[in-house]
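Visitor:
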Amino acid sequence: MSDPISESSSKPSVIAWRKSSFSGPNGNCVELSQLPGDLIGMRNSRDPQGAVLSYTRAEFATLLRDIKGGRFDSLML
């Protein structure tokens with residue numbers, strides 16, 4: 001199985017980014033955005049000019065399913 005995460009070489013700057021309303025003011029959040037080409041972008045709010053991960057809708061749905069299903073729980077501190 002291929003890794004569904006790929007780093008985008010472009011860093012969109014005129015994109016509407018969203019983060020959870022539960023996020024604190026310290027910039028320790030994941031932000032999401034609709035990117036051109038029907039992709040979903042993800043970035044770290046502490047580094048808005050940094051790397052953007054891009055997912056197809058199917059890849060993002062799989063990622064969310066796996067997170068909600070506990071697949072990555074062992075990575076939590």
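Residue numbers (UniProt numbering): 1 to 77. Every residue, glycine too, gets a C-beta built ideally from N, C-alpha and C. It should be emphasised that the depicted structure is a prediction, and the values quoted were computed from it without experimental measurement.
Can the beta-carbon of residue 41 be found closer than 9 Å to that of residue 17?
Guide: Yes, Cβ-Cβ distance for residue 41 and residue 17 is below 9 Å.
Visitor: I need the DSSP call for residue 77, collapsed to helix, strand or coil.
Guide: Looking at residue 77 - three-state DSSP - the assignment turns out to be coil, as it is neither helix nor strand.
Visitor: Since residue 57 is in the beta strand (DSSP E), which residue starts that stretch and which ends it?
Guide: From DSSP, residue 57 is part of no beta strand (DSSP E) but of the alpha helix (DSSP H) over 57-68.
Visitor: If we count the other Cβ atoms within 10 Å of its Cβ and call it buried at 16 or more, is residue 54 buried or exposed?
Guide: Buried, by the Cβ-count rule.
Visitor: Should residue 28 and residue 43 be called a contact, given that it needs their Cβ atoms to be closer than 9 Å?
Guide: No. Outside cutoff.
Visitor: Skipping 5 residues on each side, what residues in its chain have a beta carbon closer than 6 Å to that of residue 64?
Guide: Closer than 6 Å at the Cβ level, and outside the excluded window around residue 64, lies no residue.
Visitor: Have a look at 74, 31 and 71 and flag the residue whose alpha-carbon is nearest the alpha-carbon of residue 115.
Guide: Since the first residue of the chain shown is 1 and the last is 77, residue 115 is not available in this structure.
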